[in-house]
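The structure appears right after this line, and notes come after that.
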Amino acid sequence: MTGLTKRSRVVSNKKMSFWEKIYLPAILKGMWITLGHLFTKKTTVRYPEVKREFSEIYRGRHVLKRDDEGRERCTACGLCAVACPAEAITMVAAERKPGEENLYREEKYASTYEINMLRCIFCGLCEEACPKEAIFLTKTIVKAGYDRDKFIYGKDLLVEPVDPSKRIDVSKRQTTEVLEFKKDKNQRHNVH
Ligand code: SF4
Ligand code: SF4
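Take the sequence shown: its letter number 162 is residue 162 in the numbering used here, and every next letter is one higher.
Set out below in structure tokens:
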């Protein structure tokens, strides 16, 4: 009968030699291998003292972007929430009032915008769906915590600061291909 895999091995019934019976050479060999690992490059780091550099396109916690004039880009269209497979995004839309043109770029904005970071799987689909370049994932990780309520990130945590020197750089995520894709009006979610 042929084996199901090629990994089957014939068991050897050969008698053990004296050195095999006392196991000492095998133990020394094992210790030698262990000792060798002490002098090889480590694959682990002493976190949190040592931090690993994340890739520029690592998908961590989100940022809601402002435009060059400091106005919130999000227009509360809801496309990110529709695209989210984890149903992690909720928002409440509001109408911009006269005099608020310097706060919100469009006539409609999100008065409430929340992401449940416990639900989020950091897939990046919200970023892809957004026609306003308003939401991006960043390479910052979501902090651990003991309180579930603390994982509901609202606008206070998501919207980037107005100060241009404190803005979040997302240029590495805005590739030419992505920008071209978002201009394509044949893509249903680009038309709104
Ligand atoms: S990254 Fe994915 S799971 Fe997280 S909020 Fe965006 S679409 Fe939802
Ligand atoms: S898709 Fe963009 S503009 Fe629309 S609600 Fe989401 S973040 Fe705001």
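Virtual Cβ for every residue (Gly too), placed ideally from N, Cα, C.
Does the distance from the CB of residue i to the CB of residue j come in under 8 Å?
| i | j | result |
| --- | --- | --- |
| Cys77 | Tyr113 | no |
| Val159 | Glu72 | yes |
| Glu127 | Ile135 | yes |
| Met91 | Ala83 | no |
Report the rounded CA-to-CA distance for residue i versus residue j, giving the unit in angstroms.
| i | j | result |
| --- | --- | --- |
| His62 | Lys42 | 32 Å |
| Thr5 | Glu20 | 30 Å |
| Leu24 | Lys51 | 41 Å |
| Arg7 | Thr34 | 27 Å |
| Arg119 | Ile22 | 56 Å |
| Lys29 | Tyr146 | 46 Å |
| Ala88 | Met117 | 7 Å |
| Asp184 | Arg148 | 39 Å |
| Pro161 | Ala86 | 27 Å |
| Gly124 | Lys172 | 14 Å |
| Gln187 | Glu180 | 11 Å |
Closer than 7 Å to a non-hydrogen atom of ligand 2 - does that hold for the CB of residue i?
| i | result |
| --- | --- |
| Lys132 | yes |
| Cys77 | yes |
| Lys91 | The sequence shown places Met at residue 91, rather than the Lys named in the question. Result yes, Cβ under 7 Å from ligand 2. |
| Ala88 | no |
Between residue i and chain D, is there a C-beta pair that is closer than 8 Å?
| i | result |
| --- | --- |
| Tyr104 | Protein chain content of the structure displayed is limited to a single chain, and chain D is not contained in it. |
What first and last residue would you give for the beta strand (DSSP E) that runs through residue i?
| i | result |
| --- | --- |
| Met31 | Unbroken run through Met31 is the alpha helix (DSSP H), 24-38; no beta strand (DSSP E). |
| Phe136 | 135-137 |
| Leu64 | 62-64 |
| Lys108 | 108-116 |
With residue i as the anchor, note down where its alpha helix (DSSP H) starts and where it stops.
| i | result |
| --- | --- |
| Pro83 | Pro is not the amino acid found at residue 83; the sequence shown has Ala there. Per DSSP, Ala83 belongs to the alpha helix (DSSP H) from 79-83. |
| Thr90 | That residue, Thr90, is in no alpha helix (DSSP H); its beta strand (DSSP E) goes 89-95. |
| Thr176 | 176-183 |
For ligand 1, is there a heavy atom less than 7 Å away from the beta-carbon of residue i?
| i | result |
| --- | --- |
| Phe122 | yes |
| Ile141 | no |
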